[in-house]
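Residue numbers (the numbering used here), protein chains in the order written: chain A, 1 to 293; chain B, 294 to 586. Glycine included, every Cβ here is placed at the ideal spot set by N, Cα and C. A quick note: this is a predicted structure, and the numbers were derived from the prediction, not measured. What follows is a short report on a single structure.
Number of protein chains: 2
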Amino acid sequence: MLVRITEVAPRDGLQNVKDLIPTERKVAFINALSETGVDEIEATAFVHPKWVPQMADAEEVLRRIDRKPGVIYSAIVPNERGLERALSVGVDKVAVLTAATDTFNLKNINTDIEGSFQKLIPVVRSAKASGLPVRGYVSVAFWCPYEGKVPPQRVRDVVLRLLDVGVDEVSLGDTIGRASPKDVAELLEILLRDVPADRIVLHFHATYGMGIANVLCAYREFGIYRYDSSAGGLGGCPYAPGASGNVATEDVAFALKNSGAEVRVDVLKVVEAAKSLGLPLESALSRIPKPIL
Amino acid sequence: MLVRITEVAPRDGLQNVKDLIPTERKVAFINALSETGVDEIEATAFVHPKWVPQMADAEEVLRRIDRKPGVIYSAIVPNERGLERALSVGVDKVAVLTAATDTFNLKNINTDIEGSFQKLIPVVRSAKASGLPVRGYVSVAFWCPYEGKVPPQRVRDVVLRLLDVGVDEVSLGDTIGRASPKDVAELLEILLRDVPADRIVLHFHATYGMGIANVLCAYREFGIYRYDSSAGGLGGCPYAPGASGNVATEDVAFALKNSGAEVRVDVLKVVEAAKSLGLPLESALSRIPKPIL
């Protein structure tokens, strides 16, 4: 099965890096990622610079990158002001935010689930009216740092509501990296009764060491073929300082290839792109001098 | 299902550490590991000190540790001289060595598969005559750094021969950490036709990022319940300097617990024991300040 990878390092990987990275280096990083074979690149987030200073150059980044034909360049858009900014620089796709628990939404975007929908519905409508596809993120879709294990039924309800308001695809985030393949299987068993596999993207973190196991469970046991990942495993976990973050693109691509999937990502190019930033990397493959591919 | 863990850090984790660790610290480390809930501890190797200087104090280590009732203290024994030494200090169990390829055996123990059996057969006989259980290691049971992917049929033949010469259990090593769950599934499908699950131990490395995925595949899909692992992920990979080594005991235990297995290992105690050595750790759990258990 052909796997589709959304590379999230430029956004999820960099948003918590304290030192501001020059726009030029972000642009070069995204350009390098464009040559790796990933399908989409989440390039930035049109959030208020006060909240995420690292993303203050969102317009400039999108304006300056070389857009490789066939690659989709997306961005997070939390509200209508963000959408205006994103549209002004011709983003290919936008992503809106919610979470599977009220507590996480309140801490993350200062409103509960209901409030998050009131904010995202007009964004989805305007984006669709402008002809853009829309992704909906569901944070803490497995475990919440405040509420613990999240019941799959609750996640399904949020997913169905997102699809109902016009979102094209849903990315289910294991935000704190605490999910096990058992958790993944429980959620997918319920979700796939109502939602086609091509609407589901999985977004795992490596924090508790089960990220790759989760990807392979979802692929091998449920045929999910769309994953978010971050070059070099960049990202960290803001809820566990010092712990590792997003699953690494090169490790995800390698593991899926070695599970019989068709994967068009060149893992060595991903490692090279990630190394160009000079940040500490978390991936397994970036540490092997001469990997047997 | 009740999981059985063999803790291999004192041997596999330390054998490639260049600076000699004082015997006292090894003893304290093993004593701490004895309190973690692991079932067996591979305490040392009775090899010639010229080849593995770190293991030169094998007798002293086994003499000085506090043996916790119920915990099995084993050691690697490459030949009859090693067995004499091991018996002299009352080891509980011995392990003999072979590999699934001739090339790896030649580079590792200076003889081919046939030669390795000629060396191990008398050790197995003498050990059994002394009433000791014997483990047989099969290195490169999935991938070989010299020969590439190893055909499962060849591994099965080596396993069957080990059992035939009197070995009680076989530990299948993914020595270079290159196996994927697909490789694991292919081997286990063939092996389980001829070998009962309780004779099989799996010994994964984390080098290519799939170690935990392999453990969970073997447990969830094949009911394998015996694993080797190393506290803190100590070990490194001698075939890929800088890359990570054995799967970490705390990560294996945590992943299995979160897959519904009965696991008696206290992951926080394992992390604490591993940290006591002052070596860089590789595990996911050792990096999370306050893990949600």
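For residue 197(A), no chain B residue has a Cβ inside 8 Å of its Cβ, as the nearest lies near 20 Å away. Distance from the CA atom of residue 573(B) to the CA atom of residue 308(B), rounded to whole angstroms, is 15 Å.
Pairing residue 175(A) with residue 139(A) gives a Cβ-Cβ distance under 7 Å. Non-local beta-carbon contacts of residue 471(B) in its own chain, meaning distances under 6 Å to residues more than five positions away in sequence, involve 436 and 501 in chain order.
Uninterrupted alpha helix (DSSP H) stretches at least 4 residues long and entirely within the region 189-222 of chain A occur at 211-222, given in chain order. Here the alpha carbon of residue 66(A) sits roughly 8 Å from the alpha carbon of residue 30(A). Residue state for residue 165(A) is assigned as coil, using DSSP reduced to three classes. CA-to-CA, the gap between residue 283(A) and residue 233(A) works out to about 5 Å. Within a 10 Å sphere around the beta-carbon of residue 54(A) sit 16 or more other beta-carbons, which makes this residue buried. In summary, residue 335(B) is buried, with 16 or more beta-carbon neighbours lying within 10 Å of its beta-carbon over all protein chains present. Taken through DSSP and simplified to helix, strand or coil, residue 276(A) comes out as coil. Per DSSP, the beta bridge partners of residue 227(A) are 5(A) and 202(A).
Apart from sequence neighbours up to five positions away, the residues of its chain that approach residue 27(A) with a beta-carbon distance below 7 Å are 61, 64 and 65, ordered along the chain. Under the 8 Å Cβ criterion, the region 533-540 of chain B does not count as touching the region 160-169 of chain A, having fewer than three qualifying pairs. Per the coordinates, the alpha-carbon of residue 555(B) lies some 18 Å from the alpha-carbon of residue 541(B). In terms of Cα proximity to residue 304(B), the closest of 317(B), 318(B), 369(B) and 440(B) is 369(B).
Closest option to residue 520(B), judged by alpha-carbon separation, among 543(B), 532(B) and 530(B): 543(B). For residue 314(B), no alpha helix (DSSP H) segment is defined, and its DSSP state is neither H nor E.
Residue 486(B) counts as exposed, since fewer than 16 other C-beta atoms from the protein chains shown sit within 10 angstroms of its C-beta. In the three-state scheme derived from DSSP, where H, G and I count as helix and E and B as strand, residue 82(A) is classed as helix.
Residue pairing for residue 427(B): DSSP places it in a beta bridge opposite 387(B).
For residue 139(A), the secondary structure class from DSSP, reduced to helix, strand or coil, is strand. Short of 6 Å from the beta carbon of residue 266(A), and not among the five residues preceding or following it, lie these beta carbons of its own chain, in chain order: 36 and 37.
Under the criterion of beta carbons closer than 8 Å, residue 367(B) and residue 388(B) qualify as touching, at roughly 6 Å. The beta-carbon of residue 236(A) is placed no less than 7 Å from the nearest beta-carbon of chain B. Residues of the same chain with a CB within less than 7 Å of the CB of residue 211(A), apart from the 5 flanking positions on each side, are 177, 204, 205 and 247 in chain order.
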